[in-house]
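Undergrad: Here it is, the structure, as structure tokens.
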């Protein structure tokens with residue numbers, strides 16, 4: 007969640023012994039490019055974002071939104087434009103540097119369309135040494151979720 011790395015850094019520095027175990031031990035964040043008028047209608051860009059004025063006239067909220075992407079796709083309110091891609095990985099037992107972390111992603115589109123949103127989901131490896139995520143909120147079609155059993 008929000009600021010979990012700051013909380014873990016504090017705990018690792020002040021409360022935990024070296025070599026501590028974290029649950030989950032690590033996490034990956036994945037994403038895909040999405041075309042969706044529904045999602046686009048929720049977005050608002052701040053004037054300081056540097057985007058052209060015509061893009062700033064949207065009065066939607068600029069923060070992230072919780073959505074079930076599969077429901078939007080099934081209802082015809084979203085189209086997936088890219089394959090799943092890895093956004094970031096975090097080892098909670100060996101925390102990354104506090105600053106200076108950046109990644110440039112080159113995402114290839116699989117179909118033409120208008121890029122309205124990037125949908126994100128996560129997968130957590132629960133204990134040190136796990137090779138696959140034991141918990142995830144990934145869509146069922148995502149390769150990162152292929153090993154997980156689904157409740158119907």
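In this note's numbering, the protein residues as written are 7 to 158.
Positions of the beta carbon are idealized from the N, C-alpha and C atoms, including for glycine.
If you're wondering where the values come from, they're calculated on a predicted model, not measured in any experiment.
Tell me the DSSP secondary structure of residue 28 in three-state form.
TA: Coil.
Undergrad: Quick one: grab the DSSP three-state call for residue 92.
TA: Three-state result, residue 92: strand.
Undergrad: With a threshold of 6 Å on Cβ separation, who are the neighbours of residue 133 within its own chain once the five nearest residues in sequence on each side are excluded?
TA: Answer for residue 133: 31, listed in chain order.
Undergrad: Check each candidate in 152, 135 and 116 and name the one with the smallest Cα separation from residue 143.
TA: It is 152.
Undergrad: Determine the closest residue to residue 38 out of 90, 16 and 122, with distance taken between C-alpha atoms.
TA: The shortest C-alpha separation from residue 38 is found at 90.
Undergrad: Restricting to Cα atoms, I'd like to know which of 124, 115, 97 and 106 is closest to residue 29.
TA: Measuring from the Cα of residue 29, the nearest candidate turns out to be 97.
Undergrad: What does the alpha-carbon distance come out to for the pair residue 128 and residue 135?
TA: Going by the C-alpha atoms only, they are around 18 Å apart.
Undergrad: For the stretch 120 to 146, list the beta strand (DSSP E) runs that are entirely contained and at least 3 residues long, ordered along the chain.
TA: Listed in chain order, they are 123 to 131.
Undergrad: Let me make sure I understand the geometry here. Which of 93, 118, 104 and 92 has the alpha-carbon closest to that of residue 9?
TA: It is 104 whose Cα lies nearest to the Cα of residue 9.
Undergrad: Could you tell me the distance, in whole angstroms, from the CA atom of residue 26 to the CA atom of residue 138?
TA: Rounded to the nearest angstrom, the two C-alpha atoms are 21 Å apart.
Undergrad: Please classify residue 110 as buried or exposed, where buried requires at least 16 other C-beta atoms within 10 Å of its C-beta.
TA: Exposed.
Undergrad: Near residue 41, what residues of its chain come up, given a Cβ to Cβ distance below 6 Å and the 5 sequence neighbours on each side ignored?
TA: Hits under 6 Å: 85, 87, 119, 120 and 122.
Undergrad: What does the alpha-carbon distance come out to for the pair residue 130 and residue 47?
TA: Each residue's Cα considered, the two are about 31 Å apart.
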